[in-house]
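Right, one structure below, let's go through it.
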Amino acid sequence: MSDEKNAGEARRWFLTARGDLESAKVLRSGGRWAHSCFHAQQAAEKALKALCYRLDRDPWDHSVRRLLDDLAAESPEAHHALRDLSDAASELDQYCIPTRYPNGLPDLTPDQVFTGTMADHAEELATRIIDRISGLMD
Numbered sequence: 011m012s013d014e015k016n017a018g019e020a021r022r023w024f025l026t027a028r029g030d031l032e033s034a035k036v037l038r039s040g041g042r043w044a045h046s047c048f049h050a051q052q053a054a055e056k057a058l059k060a061l062c063y064r065l066d067r068d069p070w071d072h073s074v075r076r077l078l079d080d081l082a083a084e085s086p087e088a089h090h091a092l093r094d095l096s097d098a099a100s101e102l103d104q105y106c107i108p109t110r111y112p113n114g115l116p117d118l119t120p121d122q123v124f125t126g127t128m129a130d131h132a133e134e135l136a137t138r139i140i141d142r143i144s145g146l147m148d
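For any residue, its number in our numbering is found by taking its place in the sequence shown, counting from 1, and adding 10.
Okay, here's the thing in structure tokens:
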């Protein structure tokens, strides 16, 4: 992919990440906490994918933590700038599956398990990751 095409693809993914974060906020304020947590995870995942495209990499993973860790080989500078967010990435990964599927939660549904506090925290984690990546996108 050309540098210009990569930059465009990176912008598309980053704008989508910001949109997912906004969706997480709307869902949180509406009491849809499981869905809010999922959209926060998606926001962080897509922001990291945006950075991967910016670095001429074609990301396929869905794990925020793995995307972050893979940057070590692809761009030591970017990895260094984001390395303190590893715990945040791992926490957000926990919201990918069980927020959407009841068979991941014995005898409960996602809406019965995920709380407003969890949604607030997921949003904070995703915001930290997106804000940091924003500074690396130029």
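Glycine residues also receive a C-beta, built at the ideal position from the N, C-alpha and C atoms.
Would you mind stating whether Phe140 and Leu61 have Cβ atoms separated by less than 8 Å?
Within the sequence shown, the letter at position 130 stands for residue 140. Within the sequence shown, the letter at position 51 stands for residue 61. Inspection of the sequence shows that residue 140 is occupied by Ile rather than by Phe. No, these two residues do not count as a Cβ contact at 8 Å.
Same chain, Cβ closer than 8 Å to Val123, neighbours up to 5 away in sequence not counted
As a first step, residue 123 must be located in the sequence shown, where it is residue number 113. Within the same chain, Val123 has close Cβ partners Ala44, Pro108, Leu115.
Touch check for the region 62-81 and the region 27-46: three-plus C-beta pairs under 8 Å?
no
The alpha helix (DSSP H) spanning Gly126 covers which residue range?
Here residue 126 is taken as the residue at index 116 of the sequence shown, counted from 1. Where Gly126 is concerned, the enclosing alpha helix (DSSP H) stretches over 126-144.
Among Glu55, Leu78, Ala50, which residue has its Cα nearest to the Cα of Leu31?
Taking the first residue of the sequence shown as position 1, residue 31 is located at position 21. Nearest of Glu55, Leu78, Ala50 to Leu31, Cα basis: Ala50.
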